[in-house]
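Right, one structure below, let's go through it.
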Amino acid sequence: MGIEPIIGSQQIDARLKHKEEESNEKKRGISIYPFKIKNRYFNYKITSDRLMASAVIDCVLEDEYGRLIPVEYKSMRSKDDGKVYSDHKYQITFYAILLEEACKKACVEGYIHYDDTLARVYITDGMKMYVIRIMSRIRRMVEEERLPPIRVSKRKCNGGCGYRYLCYGY
Ligand code: SF4
0 MGIEPIIGSQ QIDARLKHKE EESNEKKRGI SIYPFKIKNR YFNYKITSDR LMASAVIDCV
60 LEDEYGRLIP VEYKSMRSKD DGKVYSDHKY QITFYAILLE EACKKACVEG YIHYDDTLAR
120 VYITDGMKMY VIRIMSRIRR MVEEERLPPI RVSKRKCNGG CGYRYLCYGY
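Read the sequence shown against numbering that gives the first Met the number 0 and you will find it ends at 169, with the numbers running on by one and no gaps.
Below you can see the structure in the form of structure tokens.
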């Protein structure tokens, strides 16, 4: 809809975290992932005409079988010391959908680097179907130029997405 987020300190922190993690990934001799890495791609741009969607993924790992695995860096602690937040889970699922379309191989896992842990996300068919349903609802909203309902209470919203000025007017 041509609406831009207002970038706050949280997003700037996240960008710094990306840079730091990118350099850590490049320096690492021993893999922290349970598979052999053939290639690592940072800030991986991907578009699907079929799904009318695109993304820039923090890091994509290619394993020895040519499978692509998404990695996301978050500058925050994990949920309850080790768990993944559900919006992060579905973000990585969205990346998996785009990647499996690109490499024509199933993408069934992704990784999230939190400040305190590296979390592995198992991506099921049910999670992919859920994201595809949400994507079609988003496309309809864009076509109809309709804003989504606000689902987060003012108290809980930290405005990390950059759209607080639209939801709450500041
Ligand atoms: S409720 Fe908060 S997190 Fe959700 S879109 Fe609005 S500003 Fe962003």
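Just so it is clear, CB atoms sit at the ideal spot from N, CA and C, and this is done for glycine as well.
Bridge partners - residue i, DSSP secondary structure assignment
i: K78; result: K82
i: P69; result: V59
i: E108; result: Y121
i: T116; result: BP columns for T116 are empty, so no partner.
Inter-residue Cα distance where the pair is residue i and residue j
i: I6; j: G161; result: 6 Å
i: P33; j: R145; result: 43 Å
i: V55; j: V70; result: 11 Å
i: M140; j: S30; result: 42 Å
i: V60; j: N38; result: It should be noted that the sequence gives Leu, not Val, for residue 60. Whole-angstrom Cα-Cα distance: 6 Å.
i: K88; j: Y40; result: 20 Å
i: A95; j: L67; result: 8 Å
i: G1; j: C102; result: 30 Å
i: Y169; j: I111; result: 30 Å
i: M128; j: F93; result: 10 Å
i: P148; j: Y64; result: 42 Å
i: V170; j: I91; result: What is shown of the chain runs 0 to 169, which leaves residue 170 out entirely.
Residue i - DSSP class collapsed to helix/strand/coil
i: S53; result: strand
i: E20; result: helix
i: Y169; result: coil
i: F41; result: strand
i: S135; result: helix
i: I91; result: helix
i: I2; result: coil
Residue j beta carbon less than 8 Å from that of residue i
i: I36; j: L98; result: no
i: R138; j: M51; result: yes
i: Y113; j: S77; result: yes
i: T123; j: G81; result: no
i: E108; j: Y72; result: no
- Query: Among all residues, which have a Cβ less than 6 Å from at least one non-hydrogen atom of the ligand SF4, and in what chain order do they fall?
  - Reply: In chain order, the residues positioned with their C-beta nearer than 6 Å to some heavy atom of the ligand SF4 are I149, V151, C156, G158, C160, Y162, R163, C166.
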